[in-house]
Every structure is written in structure tokens, then in C-alpha cells.
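Everything below concerns the one structure shown next.
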Amino acid sequence: MRFHLLLLIVTALTVSAIPSPEEIEAEWSNFKLTHGKQYRSLNEESVRKSIFAENLKTIIEHNKRFDQGLVKYTLKVNGFADMTPQDIKKTLNGYKKKPPSKVRLERPWCCYGHKESGTMRVLLGFQCGCNGGDMNPSFEYVHDNDGIDSEEAYPYQNVDRDSCLYQKYNVTSTKGYVTIEQGSPETRSTWKAAIATRGPIAVAVDASNCTFDFYSGGIYYQTNCITDPDRLDHAVLAVGYGTERGEAYWLVKNSWGGSWGENGYIKMSRNRENNCGIASAASFPINY
1 MRFHLLLLIV TALTVSAIPS PEEIEAEWSN FKLTHGKQYR SLNEESVRKS IFAENLKTII
61 EHNKRFDQGL VKYTLKVNGF ADMTPQDIKK TLNGYKKKPP SKVRLERPWC CYGHKESGTM
121 RVLLGFQCGC NGGDMNPSFE YVHDNDGIDS EEAYPYQNVD RDSCLYQKYN VTSTKGYVTI
181 EQGSPETRST WKAAIATRGP IAVAVDASNC TFDFYSGGIY YQTNCITDPD RLDHAVLAVG
241 YGTERGEAYW LVKNSWGGSW GENGYIKMSR NRENNCGIAS AASFPINY
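Going left to right, the sequence shown walks through residues 1 to 288 as UniProt numbering numbers them.
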């Protein structure tokens, strides 16, 4: 009798997590309106709608688990909800531990470029494009080329250009950078001191899980995240730290816009097993 009752409860919870066709249609219409989505053909829209429906189901199921106290963060529909994880990774995740031997000019490299410039409190607009890379060579480039431009001098446009726009309005530079030792017991205290005295830290994380793509709020922790620095795929900025409901977190700034996460930020679990590799590849510039 107890088994049947438990089965009924589980079945009811599962069914309630599956959106009805009417709910999907309403959410889809709202999604297109909110994010200004237009598609080249009815076939493309049909494909994107199917992807959206699967992502919506994932979001609803996850938030049910949050309501049950099984996870400590929520998900939401955002502008990426019509994209597959592969689409998102290809479009938004540009971090590579080992930089490519040849730079390709037709692909964006926004994520790690934002992090390198963000640590120096200016936003460098990479108008040339690339195929992703590591933050540390970027610090070296700024040092070797006598500085980095301000956003006013070289605004970020998020479009491809035939050639780089160069104007010598350098406003800050660096004499080098510090790499925080991976996995050392002193890492957390080093981070806290660096953030408090130096400012943001450029870090790499594993952002391959769809829960990162649709993060909404709360303290993010993934048990099956990658921590190997050579396999991390996304560069972000650790800008602060704190405690929420007794759990410590790093406050991390993403580069995906204010509609993602908590106004563009995510709280990533601190003091818990190098969550998603956040302590595997961290560095910050000095003397800027």
C-alpha cells in the first residue's frame, strides 16, 4: 500500500513538471515577444520551438526540485532558451586553456576578452574576432603593447569588422599578472584578499551544464562539474564574496547580459570542492 502511494506521489510530481501544449504555446509566444525572436523560415521556428519546449521542461523540473529543498538555486527562461547546449557553447563559451596557434578572424572571442579587460576595470572592445583562448596571454599582450583602451576610446560593438580599429588612447596598463595556485589550501584566502585589495579576478569555469545556461538565482552548485583546468570552457569574473542562508559563495560576473542570472551575476558555491573548476584557473593583473 505504501509503495503504491509513493508511486502515485512520484507520478503526480512528474506529470506536474511536464508543461501542457497550451502552456508551451503561451510561454513560446511570450519568449519570442520578450526577446525579439524572429526566424528565417517556419521550419527553423519549428525546430527552435521544439528545443524551447525541452528547455522549458528542464527548467520546470529543476524548479520543482528547488521547491522540495533538493537544490539551492533556480532556473528561468532567458534569451538562450531556443538554443541547444551545443549552440550556447559554440556561441558564448570561448575559454581555452591553451591558446590556438593561429588566430581566426571570423569567430567571436567575447567571453575571455571581457574577463581580461574587466579585471583592469575597463571594457576592451575586441573588434577583430578570434576563436577563444586563455586570459593570461591577454594580460601579456596588454603589457607588451603599452596598455589597453577605454570603452570610450574603443567601444565594444559585438559585430565583425574587416580590420581592427586602432587609435592610441591607452588609459591603463599592467606590469604582469599573478596566477593563483590551483587547489591550494590558501586559494580561498588569497582570492578574498585579492578581490578586496586588487579588484576582480579572472577565472575559468565549467559552464557546459544547461543549469548554468538558465541560472536564475540562489547559490549554484553542480555535483558533476568538471574541475580539470584544461577542460574548462568559459571565462568569468569573480568580483566579490558573501554568505547567504549560512552558505558561502563567490559573486561572479558573467558576460551574457543583464537578463541572464541575477542581473548578469551568479553566486557560485564557495568552500565546496572547487565548484565547477572555479579555483582551477584564476589570475589577476598587477600594477595597473
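Cβ atoms here follow ideal geometry from the backbone N, Cα and C, with glycine treated the same way. As the structure is a prediction and not an experimental result, all values here were calculated from the model.
Ordered list of beta strand (DSSP E) runs contained in the stretch 187 to 272, each at least 3 residues:
201 to 205, 215 to 220, 234 to 244, 247 to 253, 265 to 269
For Asp-82 and Pro-21, the rounded distance between their alpha carbons
To locate residue 21, count along the sequence shown from 1; it is residue 21. To locate residue 82, count along the sequence shown from 1; it is residue 82. C-alpha separation (whole angstroms): 16 Å.
Using beta-carbon positions only, say whether Phe-277 and Ala-204 come within less than 8 Å of one another.
What you label residue 277 is simply residue 277 of the sequence shown in a count that begins at 1. What you label residue 204 is simply residue 204 of the sequence shown in a count that begins at 1. The residue asked about is misnamed: residue 277 is Gly in this sequence, not Phe. Yes.
One question on the structure: do Thr-179 and Ser-283 come within less than 8 Å of each other, judged by their Cβ atoms?
In the sequence shown, residue 179 corresponds to position 179, counting from 1. In the sequence shown, residue 283 corresponds to position 283, counting from 1. Cβ distance < 8 Å, so Thr-179 and Ser-283 count as in contact.
How should Cys-110 be labelled, buried or exposed, when 16 other C-beta atoms within 10 angstroms of its C-beta is the threshold for buried?
What you label residue 110 is simply residue 110 of the sequence shown in a count that begins at 1. Its pLDDT being 43, under 50, Cys-110 is placed unreliably in this model, and the coordinates cannot settle the point.
Under 7 Å from any heavy atom of the ligand MG, does the C-beta of Arg-245 make it?
By its list of ligands, the structure shown contains no ligand whatsoever, and the ligand MG lies outside what it can speak to.
Short of 8 Å in beta carbon distance, which residues of its chain neighbour Tyr-241, apart from the five on each side in sequence? Order them along the chain.
Mapped onto the sequence shown, residue 241 falls at position 241. Excluding residues within five positions, the ones whose Cβ falls inside 8 Å are Trp-191, Lys-192, Ile-195, Ala-248, Tyr-249, Trp-250, Leu-251, Arg-270.
According to DSSP, is Ala-26 helix, strand or coil?
As a first step, residue 26 must be located in the sequence shown, where it is residue number 26. In this structure, Ala-26 counts as helix in the three-state DSSP scheme.
How is Leu-75 classed by DSSP in three states: helix, strand or coil?
By one-based count along the sequence shown, residue 75 stands at place 75. The answer is strand: DSSP assigns Leu-75 an E or B state.
Ser-259 burial status per 10 Å Cβ neighbour count (16 or more: buried):
Along the sequence shown, one-based indexing puts residue 259 at 259. Result: exposed.
Any C-beta of chain C sitting closer than 8 Å to the C-beta of Cys-225?
Of the protein chains in the structure, only one exists, and it is not chain C.
According to the Cβ coordinates, are Ile-201 and Leu-237 closer than 8 Å?
Translated into the one-based positions of the sequence shown, residue 201 becomes position 201. Translated into the one-based positions of the sequence shown, residue 237 becomes position 237. Their beta carbons are under 8 Å apart, which means Ile-201 touches Leu-237 by this criterion.
Assuming the contact rule is C-beta atoms closer than 8 Å, Arg-272 and Tyr-221 should be a hit. Round their C-beta distance to whole Å, please.
Mapped onto the sequence shown, residue 272 falls at position 272. Mapped onto the sequence shown, residue 221 falls at position 221. With a Cβ gap of about 6 Å, Arg-272 and Tyr-221 count as contacting.
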